[in-house]
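Enquirer: Take this structure, written in structure tokens, and hold onto it; I'll ask about it next.
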Amino acid sequence: MKVQLLKNYLVRRVFGKVEIDTIIKKLEGKKLKQTEKNYLYRSIRPKLIAASLIEESGILKEISKKKKNENSIIEYNLSLYGYPMFLLKEKKGKKISIEELIAKILLKHSNARYIEAIPVIIVKNKIDKLKILEIAFKHGLKNKIGYLIETAILIRPLPYLKEVLSYLKKNKDEEVSFLVEGEYEFLSKTSPSRIKNWNLLGRFFDEDFISNARLYL
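Residue numbers (this note's numbering): 29 to 245.
Below, the structure written as structure tokens:
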């Protein structure tokens, strides 16, 4: 169980491969080399102690509360722009522009449910072309916004956004990034070709976007 936990991609974002291999070796009662002992005492132990202190402090719980509040704002605005999240009770919040909403999702709340909503709200609402381009370049979102605009156009032709799409394609970033966080090796093998063309990784399929859009359009 502990070994499986150490192989989780979140753990690997904190500990390097050598560190994880050293921890597993220690857990299995194997003799460590001197370099591995150095890793254990100089790098691994401090990180584990820090993780324990953070857990005891309740920091994760506190920031999760803030995230819930942010989620309420996002879901309220998605509903305003024609994508109700089927909430148990109606939520109220501050209205933000559709361009700000897209940026907020992509920058801080990029889970699959919200990503799937973006092409639908692009189709159902008029986007400010200059504002969305400004956000794309300012926040390093050219590839993600370009991909989602392209997805919206697959769902329904949007002639006024073709120029924006063309510009984003010509100026896309070369660095590969996740549309939604995941396991790099797995996603690099299984992500659809269209999303890869935008130097993105994620298991988002055109047929799923189109099927989802039928529920709201």
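Note that beta-carbon positions come from the ideal geometry of N, C-alpha and C, so glycine has one too.
Apart from the five residues on each side of it in sequence, which residues of its chain come closer than 8 Å, Cβ to Cβ, to Ile223?
Expert: Excluding positions up to five away in sequence, the list reads Tyr175, Leu207, Leu229, Gly230, Phe232.
Enquirer: For Val148 versus Ala241, is the C-beta distance shorter than 7 Å?
Expert: The answer is yes: Cβ separation under 7 Å.
Enquirer: When you compare the segment 210 to 226 with the segment 151 to 167, are there three or more beta-carbon pairs, one atom per stretch, that lie closer than 8 Å?
Expert: Output reads no: the segment 151 to 167 does not touch the segment 210 to 226.
Enquirer: When the Cα atoms are used, what is the spatial distance from Leu38 to Glu209?
Expert: Cα to Cα, Leu38 sits roughly 10 Å from Glu209.
Enquirer: Considering only residues of the segment 104 to 167, which uninterrupted alpha helix (DSSP H) runs meet the minimum length of 4 residues and lie entirely inside it, listed in chain order?
Expert: The qualifying runs are 126 to 136, 140 to 152, 157 to 166.
Enquirer: Starting from the C-beta of Ala145, find all residues in its chain whose C-beta is less than 7 Å away, skip the five residues before and the five after it, and write them out in chain order.
Expert: Cβ within range, chain order: Leu106, Tyr111.
Enquirer: Could you pull out every residue in the same chain whose Cβ sits closer than 8 Å to the Cβ of Glu202, ignoring the five residues on either side in sequence?
Expert: For Glu202, where only same-chain residues beyond five positions count, the Cβ hits under 8 Å are Asn227.
Enquirer: Could you check if Ser219 is buried or exposed, using at least 16 other CB atoms within 10 Å of its CB as the buried criterion?
Expert: Per the 10 Å Cβ criterion, buried.
Enquirer: Using the C-alpha atoms, what's the distance from Tyr104 back to Leu116?
Expert: Only weak support exists for where Leu116 lies, its pLDDT of 46 falling under 50; the coordinates are left without a value.
Enquirer: Quick one: what's got a C-beta closer than 8 Å to Lys190's C-beta in the same chain, skipping five residues either side?
Expert: Same-chain partners within the cutoff: Ile181.
Enquirer: Report buried or exposed for Tyr69, applying the criterion of at least 16 other Cβ atoms within 10 angstroms of its Cβ.
Expert: The residue in question, Tyr69, is exposed, as its Cβ has fewer than 16 Cβ neighbours within 10 Å.
Enquirer: Determine the extent of the alpha helix (DSSP H) in which Gly44 is found, giving its start and end residues.
Expert: First-last for Gly44: undefined, no H or E at that position.
Enquirer: At 4 residues or longer, what runs of the alpha helix (DSSP H) sit wholly inside the segment 170 to 214?
Expert: For the segment 170 to 214, whole alpha helix (DSSP H) runs of length 4 or above, ordered along the chain, are 170 to 183, 190 to 198.
Enquirer: In whole angstroms, what separates the C-alpha of Ile77 from that of Lys61?
Expert: Between Ile77 and Lys61, the C-alpha separation is close to 22 Å.
Enquirer: Sort Gly121, Gly44, Glu98 by Cα distance to Lys75 and report the nearest one.
Expert: Selected option, being the one with the closest Cα: Gly44.
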